[in-house]
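A.B. asks:
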Amino acid sequence: MKLALQRKVLYLILCIALIIFIYYNLFLSPVLYQIDSMTREVSALKEGMSVIDNRNREIKETRDKIKEAEAQLLEKAADLPEDYGSHALIYLLSDADAGKLNRHSLIFLEPVSHQDFMVLPVRFSFSTDYEELMKFLSRLDSLPAKLSIPNLQIMAKNKSKIGDLSLDDNGKVVYNLDVEMTINFYVKGKNE
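Okay, so the sequence shown: first residue is 2 according to my numbering, each after it adds one.
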């Protein structure tokens with residue numbers, strides 16, 4: 002009887018172990034696998050959301066910078082004068098004129114129209130020495146007009162004749178410079 006009871010207990014333990022094994026393999030294992038895959042999917046989605054949030058933040062910062070740049074551009078365009086005539090440009094250049102400029106030519110080129118402003122290019126050709134050129138450029142920089150110099154060509158006269166060179170007070174050789182520059186003056190645009 003004792004042996005039959007031990008067999009029943011052993012069968013009961015084996016049945017319980019078999020039930021647990023079947024339950025784990027048929028029900029619990031697939032559920033755990035699904036939970037694991039869903040957890041990985043959720044973490045990937047969270048990572049994707051953080052990337053999207055970072056991109057949105059970068060886009061917002063870029064848009065803010067663009068708005069700031071547009072505001073600065075509009076402010077600069079508002080500061081531009083309405084128009085310069087050729088006499089006004091000559092007057093501005095004479096304000097910047099250094100004492101020893103030997104002017105050769107002043108040519109008014111075709112204006113270039115942009116959306117909010119116009120560029121009035123002027124080609125100016127003259128001869129001078131280095132110091133006077135530097136004075137002229139610094140005076141151009143101090144003018145109230147908005148301008149730029151997109152083209153500047155300088156040639157030093159270096160011929161074999163001594164007469165082409167001049168000497169300053171210290172006995173140094175000073176080259177005469179032939180300068181040709183394009184000066185762009187900026188005015189408010191006229192969309193035509």
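Ideal placement from N, C-alpha and C gives every residue a C-beta, glycine not left out.
Could you give the distance in angstroms between the alpha-carbon of S128 and the alpha-carbon of L102?
C.D. replies: Straight-line Cα distance between these residues: approximately 6 angstroms.
A.B. asks: Can you tell me the Cα-Cα spacing of S143 and L134, whole angstroms?
C.D. replies: In a straight line, the C-alpha of S143 is about 14 angstroms away from that of L134.
A.B. asks: With respect to the beta strand (DSSP E) encompassing D1, which residues constitute its N-terminal and C-terminal limits?
C.D. replies: Because the chain in this structure spans residues 2 to 193, residue 1 falls outside the shown range and cannot be described.
A.B. asks: Go ahead and pull the three-state DSSP assignment for L4.
C.D. replies: DSSP places L4 in helix when its eight states are reduced to three.
A.B. asks: Measure how close the beta-carbons of Y187 and K147 come, nearest whole angstrom, since I'm counting them as under 8 angstroms.
C.D. replies: Correct: roughly 4 angstroms between the Cβ atoms.
A.B. asks: In whole angstroms, what separates the C-alpha of L6 from that of P31?
C.D. replies: In a straight line, the C-alpha of L6 is about 37 angstroms away from that of P31.
A.B. asks: Whose C-alpha, out of M39, N55, E71 and V180, is nearest the C-alpha of N152?
C.D. replies: When only C-alpha atoms are compared, the closest one is V180.
A.B. asks: When you compare only the Cα positions, how much space is there between L178 and K158?
C.D. replies: One C-alpha to the other measures close to 6 angstroms.
A.B. asks: Check for me: the beta strand (DSSP E) holding F109 runs from which residue to which?
C.D. replies: Its beta strand (DSSP E) spans residues N103 to F109.
A.B. asks: Buried or exposed: where does L110 fall if 16 or more other Cβ atoms within 10 Å of its Cβ makes it buried?
C.D. replies: With fewer than 16 Cβ atoms within 10 Å of its Cβ, L110 is classed as exposed.
A.B. asks: Under the rule that 16 or more other beta-carbon atoms within 10 Å means buried, what is V10, buried or exposed?
C.D. replies: It counts as exposed.
A.B. asks: For S51, which residues from the same chain have a beta carbon less than 8 angstroms from its beta carbon, with the 5 sequence-adjacent residues on both sides left out?
C.D. replies: Nothing listed; no residue qualifies.
A.B. asks: In whole angstroms, what separates the C-alpha of L33 from that of C16?
C.D. replies: L33 and C16: Cα-Cα distance of roughly 23 angstroms.
A.B. asks: If distances are taken between C-alpha atoms only, which option among F22, I150, L75 and S126 comes closest to D117?
C.D. replies: Minimum Cα distance to D117 is reached at L75.
A.B. asks: Taking DSSP as the reference, what is the three-state secondary structure of K158?
C.D. replies: Coil, per DSSP.
A.B. asks: Anyone know if the C-beta pair for T183 and P112 falls short of 8 angstroms?
C.D. replies: Taking 8 angstroms as the Cβ cut-off, T183 and P112 do not qualify as a contacting pair.
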